[in-house]
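Its first residue numbered 0, the sequence shown is counted upward by one per residue in numbering that gives the first Met the number 0.
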Amino acid sequence: MHQAHDKRRLTPLAYATLLAFSIMPDAAFAQDRTAGTSGTEEAGQLHSVVISAQKRKESASKVPASVSVIGAQQLENQHVTQLSDLNGYLPGVQIENGGTPGKTAVKIRGIGNLGPGPVVGTYLDDTPVGSSNNIQKGAGLVLDMLPYDIARVEVLRGPQGTLYGASSMGGLLKYVTIDPDLKHLEGRIGGGMSSVKGGQGSGRDMHAGVNIPLIKDTLALRASLASNQTPGWVGNAVTGARGINRSKQQGGRLALLWQASEDVSLKLSAIRQKIDANDNSLITLDKNNRQAIYGSYSNNKLFGEPFERDINYYSATLNWDLHWADFTSATSHSRENTSAPTDISHEFGVALPDLGKMLGVDAPIGKSRFPLDIGSKKITQEFRLMSKPGGKLEWLAGAFYTKEDGTQAQTATAQTMAGASIPVLDPLLIVAMPSSYKEAAVFGNLGYKFSDRFDISAGLRHAKNRQRYQQIVDPRSALALLGAVPNTAPPSSSSESVTTYMLSPRYLLSADSMLYVRVATGYRPGGPNIALPGVPSTVNSDSLINYEAGIKSSFLNRRASIELAAYQIDWKDIQISTSTDNGLSYAANAGKAQSRGVELSSQYKATQDWRLGLVIGYTAAYLSEDAPKLKAGKGDRLPGTPRWNAALTSDYNFSLPDGWAGHVGGGYSWIGERQSAVNPARSLTLASFGTLNLNADVSKDAWTVRLYAKNLANNQKLSSISPITNALSGAVSQYSANRPQPRTIGMAVDMQF
């Protein structure tokens, strides 16, 4: 009767599935089994991943900073389709999903988006992407790539201002793509289907890629396409529609590598990514008990909130071996267009009668829609000259330039419940906000080896930025007639110079263990502000200094590793988003904060085929002085940051009959309690929650069949919550909240050739 132990009666896929649901899930997103490793490890040892965090290739275990690496195999095994799938698996990192792929914010070590400008830098290979100013709302629009043809994702914790410049004060998110192969013709095609609990229809994904050596050892082309469709699981109680938040992600990449000579190579790359979401996954909660009013996954929007984001990215990277040094030129051009209309009926629609009285109009309670369109064009150029590795003195010198041109169009409507325009009040607002940002910087790093065991690295960067902004308001706008916003204001501008630095001593205890200390600074640019009565015309840059000490060690014949870091961050002149009495947002500076914490990452290879991992993060982030503009005081916690997060993961490889190979894996992540806002009068406590993911695959020759389950226990705890308030009175009418994507189970098939 024990047929489960008779392999002859089980297909390879069934066998892998049984194992996936029977082993204890444990070790996590860490190094890949093959790609990106040094290739010198013995069987049964942990792989050492080579990364480019410090703009030179080196083992992650030797970098004197806190770094996480998520390899291509981990991304694929768990069918990661957006950044928020990694939330909880990185110590000290929170990835917030705004209800759809592409609406993403990242916090590192408690340094998050209290203001509209980004605090975590984003790089695609060698060049930055996304806006640097505080007009283009970059904090909530972090690059969220469909991770196909990605070699790895590197996450650097702590300020990276010396090498990566503005807006990397909290850390850095870096996507590293797969280079074309000059020797081998290869290709890959695959697809799959998935089911979301409560979803309408099924999810579908496909991908295809090919690598073609056009001239062996000289010229190669790599091309890939990917698409992912996710069914919707949220309903609208007003319209009766179900599955409104269905979404589709599409991406494509072309890369051409030319090895012009033994010393010179040129890589050209073009990437396109498009996200289309019919609506988002936000739900409505009661203002008193904060329970779902219309069901666990439903809202009462009067207008849909579709989301569209289109990114086009082009780059050219030249590498030249000068024999005495290495020269790199990295150039990029990118265009981003985002459309994100919002239903503001419960903020402004309910206030229409009072707004009407101010203008002598008899207006009913109605509904209001807020279309928002953001566009940007960005060019970057960086030159680097870097010494050869291995000497007592290692150095790097570079120059950087970027130019961004941004557009933003905002409209607010005023309509009756039947959809008719309300005279005088409609439009509430029509405004265009063109902006520009230019930055030039020089930077350098020096490292000196005082002995075989002790070295010190130091870095310095000096940057200057100039910004221009104009606010063009349609004089017919009701808010302009009321004087809440001025008519078209003259262009405003700002400029600032900032110097950041880094100092990092490192001591090698042995060939496999080291201690390090790191002191580093970072900043986020200030700039022109929204033109509103009584609002300062500019906002100052904010900055921080990070003090960090850590240890990285491999032991048990490199079968186990541990990385432990402790830090303190002092953050001053914090940029925040606040609002006028009329509910109109602007940026301001608001005092100081401090974040202290500890991060642990550990791996253990129990056998040659079984790897376990553990990550733990502790973060205590709070205001270190009173902040009247936030209506918060010294000691109040910064929002969205749990004191604790942890993850336990496991990967196991095994052989099957008839030449099949199997793999099972899984992970359990836990995120502690968070505060929803820094203002204690408005802040709510979000409960802690855990999420279980499992995956299994079998492969033979060119074929791989994979099963995966996300949020297997169907956790429904809130991941975010915010009040919906009357624009004039400030009274809370209801809450808008988000939950993790419900249990998702899928299957994928992949073929390589």
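Quick reminder that beta carbons are idealized off the backbone N, C-alpha and C, glycines included.
Exposure label - residue i; buried when at least 16 CB within 10 Å
| i | result |
| --- | --- |
| N528 | buried |
| V349 | buried |
| S735 | buried |
| I214 | exposed |
| N545 | buried |
| R475 | exposed |
| Q674 | buried |
| A592 | buried |
| D143 | buried |
| Y147 | buried |
| T690 | buried |
| D25 | Low per-residue confidence applies at D25: pLDDT is 34, beneath 50, and the placement is therefore not dependable, though the value from the model is reported in the following sentence. The residue is buried, with at least 16 neighbouring Cβ atoms inside 10 Å. |
| G202 | buried |
| P638 | buried |
| M416 | exposed |
| F302 | buried |
| W232 | buried |
| A510 | exposed |
| N288 | exposed |
| Y774 | Because the chain here runs from 0 to 752, residue 774 falls outside it and cannot be looked at. |
| R452 | exposed |
| L351 | buried |
DSSP-derived helix/strand/coil call for residue i
| i | result |
| --- | --- |
| K628 | helix |
| D572 | coil |
| E403 | strand |
| T537 | strand |
| Y293 | coil |
| M144 | coil |
| S367 | coil |
| S491 | strand |
| Y88 | coil |
| G137 | helix |
| N76 | helix |
| G101 | coil |
| K54 | coil |
| G745 | strand |
| S649 | strand |
| L265 | strand |
Selection from the options that minimises the alpha carbon distance to residue i
| i | options | result |
| --- | --- | --- |
| K136 | L113, R151, S601 | L113 |
| G729 | H345, L213, M357 | H345 |
| T80 | G405, I110, S732, M205 | M205 |
| A477 | K709, G443, S367 | S367 |
| Y313 | G612, A207, A254, I110 | A254 |
| I107 | T283, F306, W232, Q159 | Q159 |
| G768 | L424, Q228, G169 | This structure gives no information on residue 768, because the portion of the chain shown stretches from 0 to 752. |
| Q77 | V663, L685, D700 | V663 |
| F272 | L220, Q248, E598 | The residue asked about is misnamed: residue 272 is Gln in this sequence, not Phe. Among L220, Q248, E598, the Cα nearest to that of Q272 is on Q248. |
| Q567 | D404, M416, S328, R156 | R156 |
| Y522 | S509, P305, S540, F369 | S540 |
| N756 | A276, V263, H183, R460 | In the structure displayed, the chain extends from 0 to 752; residue 756 sits before or after that span and is not available. |
| L655 | D696, V66, A530 | D696 |
| V748 | S51, E75, A59 | E75 |
| Q409 | F302, F369, Q740, W394 | F369 |
| N244 | A645, D216, S280, N235 | S280 |
| L611 | G666, R742, S420 | G666 |
Supposed contact pair residue j and residue i - C-beta distance, whole angstroms, cut 8 Å
| i | j | result |
| --- | --- | --- |
| L427 | A413 | 5 Å |
| H746 | G191 | The sequence as given places Met at residue 746; His does not occur at that position. With a Cβ gap of about 6 Å, M746 and G191 count as contacting. |
| R252 | S223 | 5 Å |
| S456 | S503 | 5 Å |
| I274 | F306 | 7 Å |
| T753 | L172 | The chain is shown only over 0 to 752; residue 753 falls outside these bounds and no answer can be derived. |
| T161 | T379 | Not quite, the Cβ-Cβ distance comes to about 17 Å (not below 8 Å), so this is no contact. |
| Y436 | S131 | 6 Å |
| K709 | N737 | Actually they are not in contact, since the Cβ atoms of K709 and N737 sit about 16 Å apart, beyond 8 Å. |
| G91 | E598 | 5 Å |
| R505 | P63 | 5 Å |
| L395 | M385 | 5 Å |
| P388 | A165 | So it is not a contact: roughly 28 Å between Cβ atoms. |
request  = Write down every uninterrupted run of the alpha helix (DSSP H) in the region 380 to 467 whose length is 4 residues or greater and which is fully enclosed by it, in chain order.
outcome  = none
request  = Starting from the N-terminal side, write out each stretch of the beta strand (DSSP E) that is 3 residues or longer and does not extend beyond the region 285 to 362.
outcome  = 306 to 320, 324 to 338
query = Which parts of the region 577 to 603 are runs of the beta strand (DSSP E), unbroken and 3 residues or longer, counting only runs that do not cross its ends?
reply = 584 to 588
query = At which residue ranges does the region 132 to 216 contain complete beta strand (DSSP E) runs of 3 or more residues, listed in the order of the chain?
reply = 149 to 156, 170 to 176, 185 to 195, 202 to 214
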